[in-house]
Amino acid sequence: MKSNGSPSAMLEGDGLAAVRGRAQLFANVGFRVDACQTLFVTGPNGSGKTTLLRMLAGLSTPTVGIIRWMGNTVAPFDARLREDVAFAGHLPALKDELSAIENLVVLAALGGEKVTTEQALLALDRVALSRQRTLPARVLSQGQRRRIGLARLALVNKPLWILDEPTTALDSDGVALLTTLLRQHLDANGCAVVATHQPLSVPRFANLALA
Amino acid sequence: MPAVAWALARDLKISLRSKAELGIQLLFYVIVVTLFPLATTPERSLLAAIGPGVLWVAALLASLLSLSRLFAADHADGTLEQMALSPWPLPALVSGKIAAHWLTTGLPIVLLAPLLSAQYALERDAMWILTAALLIGTPILSLLGGIGAALTLGLRGGGTLLALLVLPLYVPILIFGAGSVDAVRAGLSAGPHLSLLGAGLLVALVGAPFAAAAAVRVALD
Amino acid sequence: MAAHWFLYASPASFYPIAGRMAPWFAAAAAALALVGLWIGLVVAPTDAQQGDAYRIIFIHVPAAWMSMFIYLVMAFWSALALGYNTRLSAMMAQALAPTGALMTFIALWTGAFWGRPTWGTYWAWDARMTSELILLFLYLGVIALRNGIDDPRRADKACSVLTLVGAVNVPIIYFSVKWWNTLHQGSTISMTAAPKMAAIMVTALGLMTLATWGYAIAVALIRVRAIIVERERGASWLSHLPEVRRLVV
Chain E
9 MKSNGSPSAM LEGDGLAAVR GRAQLFANVG FRVDACQTLF VTGPNGSGKT
59 TLLRMLAGLS TPTVGIIRWM GNTVAPFDAR LREDVAFAGH LPALKDELSA
109 IENLVVLAAL GGEKVTTEQA LLALDRVALS RQRTLPARVL SQGQRRRIGL
159 ARLALVNKPL WILDEPTTAL DSDGVALLTT LLRQHLDANG CAVVATHQPL
209 SVPRFANLAL A
Chain L
180 MPAVAWALAR DLKISLRSKA ELGIQLLFYV IVVTLFPLAT TPERSLLAAI
230 GPGVLWVAAL LASLLSLSRL FAADHADGTL EQMALSPWPL PALVSGKIAA
280 HWLTTGLPIV LLAPLLSAQY ALERDAMWIL TAALLIGTPI LSLLGGIGAA
330 LTLGLRGGGT LLALLVLPLY VPILIFGAGS VDAVRAGLSA GPHLSLLGAG
380 LLVALVGAPF AAAAAVRVAL D
Chain G
145 MAAHWFLYAS PASFYPIAGR MAPWFAAAAA ALALVGLWIG LVVAPTDAQQ
195 GDAYRIIFIH VPAAWMSMFI YLVMAFWSAL ALGYNTRLSA MMAQALAPTG
245 ALMTFIALWT GAFWGRPTWG TYWAWDARMT SELILLFLYL GVIALRNGID
295 DPRRADKACS VLTLVGAVNV PIIYFSVKWW NTLHQGSTIS MTAAPKMAAI
345 MVTALGLMTL ATWGYAIAVA LIRVRAIIVE RERGASWLSH LPEVRRLVV
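Residue numbers (our numbering), protein chains in the order written: chain E, 9 to 219; chain L, 180 to 400; chain G, 145 to 393.
Below you can see the structure in the form of structure tokens.
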């Protein structure tokens, strides 16, 4: 389990470009995110925010450019990156047939964490889903499904969070919850890259606008 | 290793909760096997001659039918992405999923084989050898098929394309699997056939998960 | 030396080279084919057992050899494409597939026409022809997968994986088909066994093989140029080419 106390938690991007099919999405994107910092990625629809975030998580190969995590250059699916990243994309990764708590345990396990039922219950409690814990995900609302994702972020111990539009389908309580979790993560020396239309209130951040 | 068991358990739990899927594949298998006598003749000696081949080809087709679902659901809801990003090795997770596929598709076919052999008037020896061959061969179908399923993830015409890609690779399994019965009927031992199938299974067990994991990563790119 | 290779690994550098090489290979192929066919069809003596029908081997055998060789070359380029993530290697594999499929088809077709007068049947399920048929399916599978994937880079990688999986399986498939065939036919009649060859027939066969090889290279080079133009469109070096400027109205 990676210790969050490492001061060198740091993500760098250098000269990144993406081509999807025939369209060039973005070019020459560079940035640096240190521990306790958040990088907000903004831009109109279709500007490549999701593509960039997937590259940083290690799912996609950049057409050009280098990504460095903790000083090491990482290729897609690099083991070191997989150890440290929590990626929350557009798709919530929930199984309709499994209950809320089962889904949470699965997501935590995929992150490499064996969580006990008590820990999972506590996490669900934090996101106000205790009463729905045994309900199959199929019957939960969009907002509730998103909250399971938040519970997973609270449970796993990953220094790097990459969140793609995390405020989608969240009400104001949900956004407040997300902000709290994010701040706690940053305070513990984590860092985050967040693509969002809605600004979140965090102490140290930078903006990256994809034109 | 825990990753394999974990993925297997998870997939089984999900399959068992959506009961509709499980029964359908088996039903397809039984229906296809029933079609051949209707299309040829109920004459016993002819049925006994084509029986092993028919049971094998039907097993191939039933396996193909369910393969496109191997990764599709996880791909659609984002779980596959999380698996690819997991600290656990992707080949291990993929192996668990393929094992679950075999348990829900291949194993029922193996268990039904003695029953369906009766439909084709197969002799005792032939029936046992056929069942043994299916037991060794159907996991290979799942393993090789998993590679094809990963390559064709999310593509238009995915199921048919999957069949086109995977069926040529299935030919050796078919030849040795069905051929084992012919050997026994000719008074020879089915040992070589079953050993070759066994060797094929070992090679597939070692190689296919890595190829399938590579194909999954390509599909997620 | 390594630096040199990677220089030619860019589509932009390779495009003019391919353009210069293709005509030479085409000319060589044509010349070799002319001589080879002359010797094979006119000069070589009539076979004692098979009459004049045997002469089809001068097309059948080179096509069959090429069909297998091209698959190996495709596998080689696919391995490079996966290992070094180079576009040009994947483009070469993409360019070879149709030619490989064509060679397989020609081998099957000519094999059938050889079988008819010689053994009385167009298709006898012998080991070599059956394996050749499965090889055709493997080629068509790679082409179908390429057509089915929109994103060219994903198509490159997927086809590379498929080609390599196929390459590992080809010997296994051939071995299993041979096993099946000997079990069921008893004696080892090979439908496509060449007659005992006089030296002159061997010469003709050699020439035709070289001719087919040259043809395959020439066609692959021309096709890869077309692939480069299609996939790299939008690149500045491409828009300066005379053949592209002519197209843009």
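Each residue gets a CB set at the ideal place from its N, CA and C atoms; glycine is no exception. No experiment lies behind these values; they were computed from the predicted model shown.
For the set L:317, L:318, L:315, L:344, the Cα lying nearest the Cα of residue 328 (chain L) is the one of L:344. Flagged as an interface residue toward chain L: residue 313 (chain G), by a C-beta distance shorter than 8 angstroms. Distance from the CA atom of residue 222 (chain G) to the CA atom of residue 304 (chain G), rounded to whole angstroms, is 4 angstroms.
Contact residues of the stretch 342 to 353 of chain L toward chain G are 343, 344, 345, 346, 347, 348, 350, 351, 352, 353 (C-beta to C-beta distance below 9 angstroms). Flagged as an interface residue toward chain L: residue 90 (chain E), by a C-beta distance shorter than 8 angstroms. Per DSSP, residue 379 (chain G) is not a residue of any beta strand (DSSP E), being assigned neither H nor E. Residue 184 (chain E) and residue 278 (chain L) have their C-alpha atoms some 43 angstroms from each other.
DSSP places residue 28 (chain E) within a strand segment (E or B) once states are collapsed to three. When the five nearest sequence neighbours on each side are left out, no beta carbon in the same chain lies closer than 6 angstroms to the beta carbon of residue 30 (chain E). Neighbours of residue 370 (chain G) in chain L, taken as residues at a C-beta separation under 8 angstroms, are lacking, since the least C-beta distance is about 24 angstroms. When Cβ pairs closer than 8 angstroms are counted between the two stretches, the stretch 372 to 380 of chain L is seen to touch the stretch 312 to 323 of chain L, the count reaching three or more.
Residue 368 (chain L) has its alpha-carbon roughly 43 angstroms from the corresponding atom of residue 243 (chain G).
Taking C-beta atoms under 8 angstroms as the contact rule, residue 364 (chain G) and residue 216 (chain G) fail to qualify, at a distance of about 14 angstroms.
Taking a C-beta distance under 8 angstroms as the contact criterion, residue 66 (chain E) and residue 25 (chain E) do not qualify as a contact pair. Residue 189 (chain E) is a Cβ neighbour of residue 158 (chain E), given a cutoff of 8 angstroms. Within the stretch 264 to 295 of chain L, contact with chain E at the beta-carbon level (separation under 7 angstroms) is assigned to 264, 265, 266, 267. Under the Cβ distance rule, residue 103 (chain E) counts among the residues neighbouring chain L, one pair being separated by less than 8 angstroms.
Boundaries for residue 73 (chain E): no alpha helix (DSSP H) harbours it, while the beta strand (DSSP E) harbouring it runs 72 to 77, taken from the DSSP string. With 16 or more other Cβ atoms from the protein chains shown falling within 10 Å of its own Cβ, residue 254 (chain L) counts as buried. The alpha helix (DSSP H) runs lying completely inside the stretch 343 to 370 of chain L and spanning 4 residues or more number zero. Here residue 192 (chain E) is exposed: its Cβ has fewer than 16 other Cβ atoms, across all protein chains shown, within 10 Å. Here residue 384 (chain G) is exposed: its Cβ has fewer than 16 other Cβ atoms, across all protein chains shown, within 10 Å. Rounded to whole angstroms, the separation of the alpha carbons of residue 359 (chain G) and residue 347 (chain G) is 18 angstroms. DSSP, read as helix, strand or coil, puts residue 335 (chain L) in coil. For residue 284 (chain L), there is no enclosing alpha helix (DSSP H), as DSSP marks it with neither H nor E.
For residue 190 (chain L), the closest Cβ of chain E is not nearer than 8 angstroms. Rounded to the nearest whole angstrom, the C-alpha separation of residue 259 (chain L) and residue 101 (chain E) is 8 angstroms. Contact between residue 392 (chain L) and residue 273 (chain L) holds: their C-beta atoms lie close to 5 angstroms from each other, under 8 angstroms. Around the beta-carbon of residue 280 (chain L), 16 or more other beta-carbon atoms lie within 10 Å, marking it buried. When DSSP states are grouped into helix, strand and coil, residue 204 (chain E) belongs to the coil group. Per the DSSP secondary-structure output, residue 21 (chain E) pairs in a beta bridge with E:39, E:75. Contact between the stretch 228 to 237 of chain L and the stretch 289 to 306 of chain L is present, with at least three C-beta pairs closer than 8 angstroms. Our two residues, residue 281 (chain G) and residue 255 (chain G), have alpha carbons roughly 17 angstroms apart in a direct line. Using a CB distance below 7 angstroms, no part of the stretch 175 to 208 of chain G faces chain E. In the DSSP assignment, residue 172 (chain E) forms a beta bridge with E:203.
Proximity of the stretch 91 to 105 of chain E to the stretch 162 to 171 of chain E meets the contact definition, three or more beta-carbon pairs being nearer than 8 angstroms.
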